[in-house]
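Protein chains: 2
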Amino acid sequence: MPTGSVIAQNINRWITEIHNSYKTAVSVDCVIFGYDEDTLKVLVSKCDMPPFEREYSLLGDIVHADETLDEAALRVLVAKTGFTDVFLEQVQAFSAINRHPLGRVITVAYYALIKIDDAHLAHLEQDSDLQWLPVEALSSLAFDHFEIMHICLEKMRFEMRVRPIGFNLLPQKFSLLQLQKLYEVVLGFPLDKRNFRRKLVRLGILEQLDEIESSVSHRPARLYSFDEAAYQQKKIAGFNFDL
Amino acid sequence: MPTGSVIAQNINRWITEIHNSYKTAVSVDCVIFGYDEDTLKVLVSKCDMPPFEREYSLLGDIVHADETLDEAALRVLVAKTGFTDVFLEQVQAFSAINRHPLGRVITVAYYALIKIDDAHLAHLEQDSDLQWLPVEALSSLAFDHFEIMHICLEKMRFEMRVRPIGFNLLPQKFSLLQLQKLYEVVLGFPLDKRNFRRKLVRLGILEQLDEIESSVSHRPARLYSFDEAAYQQKKIAGFNFDL
DNA sequence: CCAAAAGTGTTATATTTACACCCATGC
DNA sequence: GCATGGGTGTAAATATAACACTTTTGG
Chain A
1 MPTGSVIAQN INRWITEIHN SYKTAVSVDC VIFGYDEDTL KVLVSKCDMP PFEREYSLLG
61 DIVHADETLD EAALRVLVAK TGFTDVFLEQ VQAFSAINRH PLGRVITVAY YALIKIDDAH
121 LAHLEQDSDL QWLPVEALSS LAFDHFEIMH ICLEKMRFEM RVRPIGFNLL PQKFSLLQLQ
181 KLYEVVLGFP LDKRNFRRKL VRLGILEQLD EIESSVSHRP ARLYSFDEAA YQQKKIAGFN
241 FDL
Chain B
244 MPTGSVIAQN INRWITEIHN SYKTAVSVDC VIFGYDEDTL KVLVSKCDMP PFEREYSLLG
304 DIVHADETLD EAALRVLVAK TGFTDVFLEQ VQAFSAINRH PLGRVITVAY YALIKIDDAH
364 LAHLEQDSDL QWLPVEALSS LAFDHFEIMH ICLEKMRFEM RVRPIGFNLL PQKFSLLQLQ
424 KLYEVVLGFP LDKRNFRRKL VRLGILEQLD EIESSVSHRP ARLYSFDEAA YQQKKIAGFN
484 FDL
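From first to last, the protein sequence lines are chains A and B. Each residue of the first sequence is one higher than the last, beginning at 1 in the numbering used here. Each residue of the second sequence is one higher than the last, beginning at 244 in the numbering used here.
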């Protein structure tokens, strides 16, 4: 059992160490994925910090004293995209000592999934520094953001197979082939149409709507929506997407 | 395209924000799992910081200016356990604003898997503040460490089913029933002996040794070891433990 | 000879895969 | 009427799950 003075000594050591570490800043960076034109895209911003003026960077910011990491990530997302209905998931911290040119900045990466729609695109028009770039087209980003993007992409791909998060990239109402195409694009391999449909329908987490596609120049597809309530019920019994 | 002065302005804003955020410290906390006496245990330390003097805490420390998070976690682990051969995996950051009584401390949690052996236990004797406690027996820890432990436990359980990490908790040489028992204890449900053996052997990641158990009062079991090289080869072709 | 764990195969069931044609709509 | 994607079923192969007895060793 430590005596009182040992305790006081330990606390002093801690206070000293915490003060010493006050030269480390903490930030969040968001890898914001969207799906548009059968392509997986990332929202990036022109970088205004040397030596990366010619590069794009992820959207991020320093974490404020009065907010958690989740709150900071959501703040960045809302500020830049105007969205509040986003799927946001912490991935991991990046801490290479010289990853930031202005000093020690440890960053915590998140990935976000958002539905790209016309309202959103209109909102973006007002910020000419922001751009949706196809994931496949990216080969470098400012700082260590390319590595961060890549790791978040892998995590997202993995989780896509295990949890029903893909719906966050699609409109509320979608056809089964839209969904299949999304999986094919994100996972990077083709899926059998009949097997895919059977599997998804039998999972029981899709709600079949009394609605069909309109203004398509072929037989219109049935529309579905994700049944969150049904998923929550099934999740408890151990559940796997398994594609 | 931002002009030079806009860039300078932006950089100044960043520098200011980084300085403002210098009131946040970053720490690592390690959830160190060991397997002993058919029980999953966590290594904890008597807490010397009010108001948690009656509690145990995880092993952690402030991250130094010249080390990454991984390095800090490894440093903590080596300092406390004397081990260098450890499996260490980042889990996630915890950032509740008042999680630490001495100020804002954002912590990054790791879990570690180590082989508890006699040399290790002897090393521990010298630090009477350290203890191996059965995971099942824990109901509270200092700070938010119980929540951290719980989340790390869930992540470890999950990864145990997908990657061959369980071997890090066993001696180099083990019998199939030792391995099965480990899985049963960690996952929390019984496994069929014959199916388990068939599955593991057919995975092709175990090396059968020319050695058997000694000094057991029953028929001695064949010993195996984990074949890291074989695993690395198979992993590429997409691999799943699948228990 | 007894206790204790080692070791071993088969069958039924469920899951996964592969595969091809007719249907409804807009132009 | 034609181009386009919508929608449907079956059979073979594979994986999983359930289950009981004989063997070997130490004491």
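We put the beta carbon where it would ideally sit given N, CA and C, even for glycine.
Query - According to DSSP, residues forming a beta bridge with Gly-60 of chain A - result: A:Asp-29
Report task. Output yes or no for whether 9 Å exceeds the beta carbon distance between Ile-114 of chain A and Thr-81 of chain A. Result -> yes
Report task. Could you please tell me which residues of the region 52-86 of chain A, in chain order, have their CB closer than 9 Å to any CB of chain B? Result -> Glu-53, Asp-61, Ile-62, Val-63, His-64, Ala-65, Asp-66, Glu-67, Thr-68, Leu-69, Asp-70, Glu-71, Ala-72
Query raised in the report: Just the Cα atoms here: how many angstroms apart are Leu-77 of chain A and Val-63 of chain A?
Result: 13 Å
Report task. Identify the continuous beta strand (DSSP E) that holds Leu-420 of chain B and give its terminal residues. Result -> Per DSSP, Leu-420 of chain B belongs to no beta strand (DSSP E); it is in the alpha helix (DSSP H), 419-430.
Query - N- and C-terminal bounds of the alpha helix (DSSP H) containing Val-201 of chain A - result: 193-203
Query raised in the report: Cα-Cα, which of A:Val-26, A:Lys-23, A:Asp-36 is closest to Leu-179 of chain A?
Result: A:Asp-36
Query - Test: Leu-130 of chain A CB closer than 9 Å to a CB of chain B - result: no
**Report entry** Within chain A, the residues that Ile-340 of chain B reaches when beta carbons sit closer than 7 Å
**Finding:** Asp-66, Thr-68
**Report entry** Per-residue contacts from Val-429 of chain B into chain A (C-beta, under 8 Å)
**Finding:** The premise fails here: Val-429 of chain B is roughly 16 Å from chain A at the closest Cβ pair, so nothing lies under 8 Å.
Query raised in the report: Which chain B residues are close to Val-108 of chain A, counting only those with a beta carbon under 7 Å from its beta carbon?
Result: Ala-336
Query - Span of the beta strand (DSSP E) around Gln-415 of chain B - result: Here Gln-415 of chain B belongs to no beta strand (DSSP E), and DSSP marks it neither H nor E.
**Report entry** Segment limits, alpha helix (DSSP H) that includes Asp-70 of chain A
**Finding:** 69-81
Requested in this report: Please confirm if Met-392 of chain B has its CB atom under 9 Å from at least one CB of chain A.
Outcome: no
Query raised in the report: Distance, Cα to Cα, Ala-258 of chain A vs Val-31 of chain A?
Result: Here chain A comprises residues numbered 1 to 243, so residue 258 of chain A is not present and cannot be evaluated.
Query - Cβ separation of Leu-169 of chain A and Leu-243 of chain A, assumed to be a contact under 8 Å, to the nearest whole Å - result: Not confirmed; about 15 Å, so no contact.
Query raised in the report: Just how far apart, CA to CA, sit Arg-104 of chain A and Lys-23 of chain A?
Result: 7 Å
**Report entry** chain A residues whose Cβ lies nearer than 8 Å to that of Gln-333 of chain B
**Finding:** Gln-92, Ala-93
Query raised in the report: Which two residues bound the contiguous alpha helix (DSSP H) that contains Ile-151 of chain A?
Result: 145-160
Query raised in the report: For Asp-272 of chain B versus Leu-317 of chain B, is the C-beta spacing smaller than 9 Å?
Result: no
Query raised in the report: Taking DSSP as the reference, what is the three-state secondary structure of Lys-478 of chain B?
Result: helix
Requested in this report: Go ahead and label Asn-255 of chain B buried or exposed: buried means 16 or more other beta carbons lie within 10 angstroms of its beta carbon, across all protein chains shown.
Outcome: exposed
**Report entry** Endpoints, beta strand (DSSP E) assigned at Leu-43 of chain A
**Finding:** 39-46
Query raised in the report: Alpha carbon to alpha carbon, how far is Arg-404 of chain B from Thr-68 of chain A?
Result: 31 Å
Query raised in the report: Exposed or buried, Ala-142 of chain A, counting other C-beta atoms within 10 Å across all chains shown (16 or more means buried)?
Result: buried
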